[in-house]
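Residue numbers (our numbering): 38 to 395.
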């Protein structure tokens, strides 16, 4: 069962008396003339009190969090040592001392940065990176002395945050490490791959020599190349023909295109979204109707008072105003909801409802 927190609060007499002020009720009478102002105002305050309750609960949790939250650990230990691991990039320190003029205290900010590697650590990193690249670079090749397949130019080294930048002969090797077989001469090719490695204060370039073997004969690949060459020549030779005849040594077909269901999906999406659009449009119309009635209300009241002051009865006043409105409407005038309601009232009077009741 859904619990309405705001409604529970409104049952309290003090709260209800505080929100159900006469000025608020009068405002509701102006905004919603055909509804009971007490009910409208109660509905509004049910929502408001529910929101206030949620915010208060949130504030209580925030107080508990702030009260129990422990401050950050101090970066200063043993009086005058900075724990580098506890610092991000910079540290703020309150420094105090003594001078000839007396005691002083001032806040300073210092850039600390990450700890750099010492010589022993650099040597270990050097060996680790070199050994890993030597193991990884051959990929599926037996060794760097006989390369015919893709070389594995790794993007990272385990247990490090090193950045690697690779340099190679792009006439022989592609960006992803694939060998450009068509560019390899018959006797193979000797080349070199270099990688720049950077990590904090560690910087070094590694060079690796390799021999790329010539491409092995591939009958399928050769047949494909020959077919492409023949078909291209046939199309070129028949540049003035309306119908191009392809070589009869091959079988031809067009690639089967997949069906595109996107128009169907979009139409379903429109069907799903239409109710939301309609709902939004309906709300906008209601808001515009209310605003228009508020704007037209003073003018309507003035018309009624003038006609009553001229000696007309309420029925005749309503009949004249509604008649003038219907005439203007038939001539292309704008629809006004205040006068629409008046026309409804006039029709009720014509149907036998008393003037006071209508």
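C-beta: ideal position from N, C-alpha, C; glycine also. Remember, predicted model here, so these are calculated numbers, not experimental data.
Where does residue i sit, in a helix, a strand or coil, going by DSSP?
i	result
residue 228	strand
residue 200	strand
residue 87	helix
residue 80	helix
residue 219	helix
residue 237	coil
residue 169	helix
residue 400	For the chain, the structure presents residues 38 to 395; residue 400 sits outside this window and is missing.
residue 381	helix
residue 191	coil
residue 60	helix
residue 273	helix
residue 205	coil
residue 151	coil
residue 93	helix
residue 256	helix
residue 175	coil
residue 73	coil
residue 106	coil
Provide the residue(s) that pair with residue i in DSSP beta bridges, ordered along the chain.
i	result
residue 248	227
residue 146	129
residue 139	136
residue 242	233
residue 156	None; residue 156 has no bridge partner.
residue 180	183
residue 386	Answer is none; residue 386 lacks a bridge partner.
residue 119	113
residue 210	216
Which residues bound the beta strand (DSSP E) around residue i?
i	result
residue 130	127-136
Return the CA-CA distance between residue i and residue j, expressed in angstroms with no decimal places.
i	j	result
residue 343	residue 359	15 angstroms
residue 62	residue 93	27 angstroms
residue 202	residue 221	24 angstroms
residue 170	residue 305	54 angstroms
residue 192	residue 165	15 angstroms
residue 50	residue 91	21 angstroms
residue 295	residue 103	59 angstroms
residue 371	residue 384	20 angstroms
residue 167	residue 189	14 angstroms
residue 398	residue 114	A query on residue 398 cannot be resolved here, the shown segment of the chain reaching from 38 to 395 and no further.
residue 254	residue 199	40 angstroms
residue 238	residue 266	55 angstroms
residue 366	residue 379	14 angstroms
residue 41	residue 388	43 angstroms
residue 369	residue 361	13 angstroms
residue 271	residue 292	20 angstroms
residue 264	residue 258	10 angstroms
residue 144	residue 100	29 angstroms
residue 261	residue 284	14 angstroms
residue 354	residue 331	21 angstroms
residue 216	residue 206	10 angstroms
residue 316	residue 323	11 angstroms
residue 96	residue 82	20 angstroms
residue 357	residue 76	34 angstroms
residue 373	residue 335	13 angstroms
residue 303	residue 226	55 angstroms
residue 139	residue 155	41 angstroms
residue 130	residue 159	32 angstroms
residue 54	residue 73	17 angstroms
Along the chain, where does the alpha helix (DSSP H) that runs through residue i open and close?
i	result
residue 278	From DSSP, residue 278 is part of no alpha helix (DSSP H); its letter is neither H nor E.
residue 48	That residue, residue 48, is in no alpha helix (DSSP H); it is neither H nor E in DSSP.
- [ ] Would you list, in sequence order, the uninterrupted alpha helix (DSSP H) runs of no fewer than 4 residues that lie entirely inside the segment 293-375?
- [x] 299-346, 351-367
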